[in-house]
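Heads up: the structure comes next, in structure tokens.
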Amino acid sequence: ETETENAPPPAEQKAPQEGGTDKGKVWSIGEGEETEKRDDSQRSTLFVEKPQSGSVSVGGNITFIAKVEAKDLLRKPNVKWFKGKWMDLASKAGKHLQLKESFERHTKIHTFEMHIIQAKLNYAGNYRCEVSYKDKFDSCSFDLEVTESSQAAPSIDIRSAFKRSGDGQDDAGELDFSGLLKRREVKQQEEEPEVDVWELLKNANPSEYEKIAFQYGITDLRGMLKRLKRMRREVKKSAAFAKGLDPAYQVDKGGKVRFMVELADPTVELKWYKNGQEIRPSAKYIFEHKGNQRILFINNCGMADDARYYVTAGDEKCSTELFVRDPPILVTKGLEDTSTYVGERVELSCEVSEDDANVKWFRNGVELPNDPKSRYRIKVEGKKHTLIIEEAAKNDNATYSVMTTGGQSEAKLSVDLRPLKISLALEDQTVRLGQEIHLKCEISENVEGKWYKNGQLVEASDRVKLYHKGRIHRFVIASAAVDDEGEYMFVPDAYNINIPCKVHVVDPPKLHLDGLGENNTVTVVAGSKLRLEIPITGEPTPKVMWSKGDKWITDSGRIRTETYSDSSCLVIDAAEREDSGPFRITLKNEAGEDTALINIKVVDVPDPPQAPNVTEVGEDWCVMTWEPPANDGGSPILG
């Protein structure tokens, strides 16, 4: 048996519980449950076309379509597809389920499609499509009926695993399935009846091997016969195994496979092996016991898992072959409609599910050649594929499509005559006072134009120079003034477009200290009021900050500041001796800063001298000496 993860799980499964283990069998879309009833009172109508219930035969394909109008939406709405109550189908997309979306620019309609491929009976049930945009919500339920088909269910197409690319490697390496898939790239071919090639080869005469290989497209016959030979040797009656492994299993890359044997004696020790190496339990290899059944799950199968496996029970052995197949390449991000002008470079890009996949490009249904002489260049960057037209022409108007082994996408390219193009736009400028203002733009056509400042027409003058040479237009003012600041705009004649920019004139801040004394010192008598005004300049008006030591001076208090557009004042009411010292003034604007130290000196009446000392005494005279006062009042003692 095989178990793959390229189709959604059954809806009968309960929502996964934390710490639970998935013990389901073959993954499928499953039986549906009735949709939960919602309160429709706050629902907004977003659908312009809702998916309708449908019926399909087992093995057939069916598509459900939902359409949403985008004229009132600023961005793409969020659409989800569900089966039953809780099963979100977005994570189940793969071989049997594909979700696609497209946008028509002219009608502003988003189209969302759900494709069910090779339907099975348990895909039947109730489905739901939900669309939401911000606080708007809409939902639609529909049913899928799957009817029995008269044809038997197809067996595993094991021969496709042996279609190897022509790289010359032997069968022990990775296998390439592109040979089978390439025949389906451009158009869907009629499905041929499923044939068990294993049975054909096992029962055929060796002389017929090459004929069978050619008929059924087996390119790696040598590797297939090697494995067939091993399997023939091992076919014998087993006493330990009531039911052994199948001769071969096939699984898609990234899927999960399930090996199961049934023991005649459940007490016998059992071990699993891959290419002779014992398999230990891990996140990749899961062992399960169910009565006499012993089951091995291999998760997330890769090409390294394509190997020979066997299981031992005592002295007996049962073996099989596992073939890992690359899944079909899906288009995960489609092409988008594009409008451009003659002579411009065009890039049409899409993304697919695998790196460096084989992708074909078409123009109006005709395949585009991928050779250096073609005007169409194809670039591949991992999963991203891009069709490049270096210089678009009028006859490039067409529908372009991309096709992979598992999907396709198309878009329309519209190429119009080139309108006026802005080759070089005006740039916003910040210039210093007195420097040159130089505005320059370039357009695609040699036409005259007019310049505007703040909406007013600007004429050429001795101060303003206007230049026009070919496609280039220039505006020059040799020495910028404050009044030159504003919004400028160039308007080409006969065109309803404009090219704007902003000019900002700045002047670095500057302190003008010419009126201060030597060393920027200002003297004030104690008890009097000091008002020191410092002229300032700068554009824009600079920010002024005063400080003494690490203390900032505010605009209130006994010592405060007053700031005007052209000056700043330091005010000290009733100056005290403690006010003496350096004060720092700092100017800042976007053009720079300026700073200076101003020394404030507060002077006062000196203290009396100390008591005199009489050193000599005469009849009518004496000699006395005394020391100067301890506090000179902030000024030297003169006598």
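Residue numbers for the sequence shown follow the UniProt record's numbering, so the first one is 1 and each next one is one higher.
Note that CB positions come from ideal geometry on N, CA and C, so glycine has one too.
Remember, predicted model here, so these are calculated numbers, not experimental data.
For the beta strand (DSSP E) holding residue i, just list the boundary residues, first then last.
{"i": "Gly54", "result": "54-57"}
{"i": "Tyr452", "result": "449-453"}
{"i": "Leu245", "result": "Here Leu245 belongs to no beta strand (DSSP E), and DSSP marks it neither H nor E."}
{"i": "Pro542", "result": "From DSSP, Pro542 is part of no beta strand (DSSP E); its letter is neither H nor E."}
{"i": "Arg363", "result": "360-363"}
{"i": "His96", "result": "No beta strand (DSSP E) holds His96; DSSP gives it neither H nor E."}
{"i": "Ser339", "result": "338-341"}
{"i": "His512", "result": "First-last for His512: undefined, no H or E at that position."}
{"i": "Asn383", "result": "Looking at the sequence shown, residue 383 is not Asn but Lys. No beta strand (DSSP E) holds Lys383; DSSP gives it neither H nor E."}
{"i": "Leu597", "result": "592-603"}
Could you give the DSSP three-state label for residue i: helix, strand or coil?
{"i": "Asp138", "result": "strand"}
{"i": "Ala398", "result": "strand"}
{"i": "Asp416", "result": "strand"}
{"i": "Tyr209", "result": "helix"}
{"i": "Tyr123", "result": "helix"}
{"i": "Leu89", "result": "helix"}
{"i": "Arg377", "result": "strand"}
{"i": "Asp483", "result": "helix"}
{"i": "Lys25", "result": "For Lys25, the predicted model reports a pLDDT of 33, less than 50, meaning its position is unreliable and no value from the coordinates is stated."}
{"i": "Asp305", "result": "helix"}
{"i": "Glu619", "result": "coil"}
{"i": "residue 644", "result": "Outside the displayed range of the chain (1 to 639) lies residue 644, so it cannot be described from this structure."}
{"i": "Arg577", "result": "helix"}
{"i": "Asn78", "result": "strand"}
{"i": "Ser178", "result": "Residue placement at Ser178 cannot be trusted, given a pLDDT of 42 that sits under 50; what the coordinates show is reported in the next sentence. It is helical."}
{"i": "Glu518", "result": "helix"}
{"i": "Asn203", "result": "helix"}
{"i": "His504", "result": "strand"}
{"i": "Tyr467", "result": "strand"}
{"i": "Lys50", "result": "coil"}
{"i": "Ile497", "result": "coil"}
Any heavy atom of the ligand FMN closer than 7 Å to the CB of residue i?
{"i": "Asn498", "result": "As for the ligand FMN, it is missing from this structure, which has no ligand bound."}
What distance in whole Å lies between the Cβ atoms of residue j and residue i, which are believed to be in contact at a cut-off of 8 Å?
{"i": "Ser409", "j": "Val415", "result": "Their Cβ separation, rounded to whole angstroms, is 20 Å, which puts Ser409 and Val415 out of contact at 8 Å."}
{"i": "Ala66", "j": "Val79", "result": "7 Å"}
{"i": "Tyr127", "j": "Phe142", "result": "6 Å"}
{"i": "Trp361", "j": "Leu330", "result": "Between Leu330 and Trp361 the Cβ distance is about 17 Å, and since that is not below 8 Å, they are no contact."}
{"i": "Phe82", "j": "Glu130", "result": "7 Å"}
{"i": "residue 640", "j": "Thr320", "result": "There is simply no residue 640 to check, as the chain begins at 1 and stops at 639 in what is shown."}
{"i": "Ser568", "j": "Ile534", "result": "5 Å"}
{"i": "Ala575", "j": "Gly515", "result": "Their Cβ separation, rounded to whole angstroms, is 19 Å, which puts Ala575 and Gly515 out of contact at 8 Å."}
Would you list the one or two residues that DSSP bridges to residue i?
{"i": "Ser102", "result": "Thr111"}
{"i": "Asn613", "result": "Thr625"}
{"i": "Arg325", "result": "Asp252"}
{"i": "Asp143", "result": "Asn126"}
{"i": "His438", "result": "Val476"}
{"i": "Met260", "result": "Ile295"}
{"i": "Pro535", "result": "Ser567"}
{"i": "Val331", "result": "Val352"}
{"i": "Leu457", "result": "Tyr452"}
{"i": "Pro266", "result": "Answer is none; Pro266 lacks a bridge partner."}
Would residue i count as contacting chain D if we go by Cβ distances under 8 Å?
{"i": "Lys92", "result": "Of the protein chains in this structure there is only one, and it is not chain D."}
Are the segment 310-318 and the segment 263-278 in contact at 8 Å, needing three or more beta carbon pairs? Three or more Cβ pairs drawn from the segment 310-318 and the segment 263-278 lie within less than 8 Å of each other, which places the two stretches in contact.
State whether the segment 519-530 contacts the segment 543-554, with contact taken as three or more CB pairs (one from each stretch) at a distance under 8 Å. No, because fewer than three Cβ pairs between the segment 519-530 and the segment 543-554 fall closer than 8 Å, the two stretches do not touch.
Is the number of C-beta pairs between the segment 298-307 and the segment 253-266 that are closer than 8 Å three or more? Yes, they touch.
Taking three-plus beta-carbon pairs below 8 Å as touching, is the segment 471-479 in contact with the segment 436-444? Contact between the segment 471-479 and the segment 436-444 is present: 3 or more CB-CB pairs across the two stretches fall below 8 Å.
For the structure I just gave you, are there three or more beta carbon pairs, one from the segment 535-546 and one from the segment 611-619, closer than 8 Å? As far as the Cβ criterion goes, the segment 535-546 does not touch the segment 611-619, which means the pair count is below three.
Cβ contact check for the segment 429-437 and the segment 496-505: 3 or more pairs under 8 Å: Below 8 Å, enough C-beta pairs join the segment 429-437 and the segment 496-505 to call them touching: three or more.
For the segment 96-115 and the segment 132-142, state whether three or more C-beta atom pairs, one from each stretch, are separated by less than 8 Å. These segments do not touch.
Quick check: the segment 339-354 against the segment 380-400, are at least 3 beta-carbon pairs closer than 8 Å? Yes, since at least three Cβ pairs between the segment 380-400 and the segment 339-354 fall closer than 8 Å, the two stretches touch.
Count the C-beta pairs between the segment 489-502 and the segment 458-467 that are closer than 8 Å, then say yes if the count reaches three, no if not. Flag = no, the segment 489-502 and the segment 458-467 do not touch.
Can at least three beta-carbon pairs, one atom from the segment 595-608 and one from the segment 557-564, be found at a separation below 8 Å? The answer is no - the segment 557-564 does not touch the segment 595-608, with fewer than three Cβ pairs under 8 Å.
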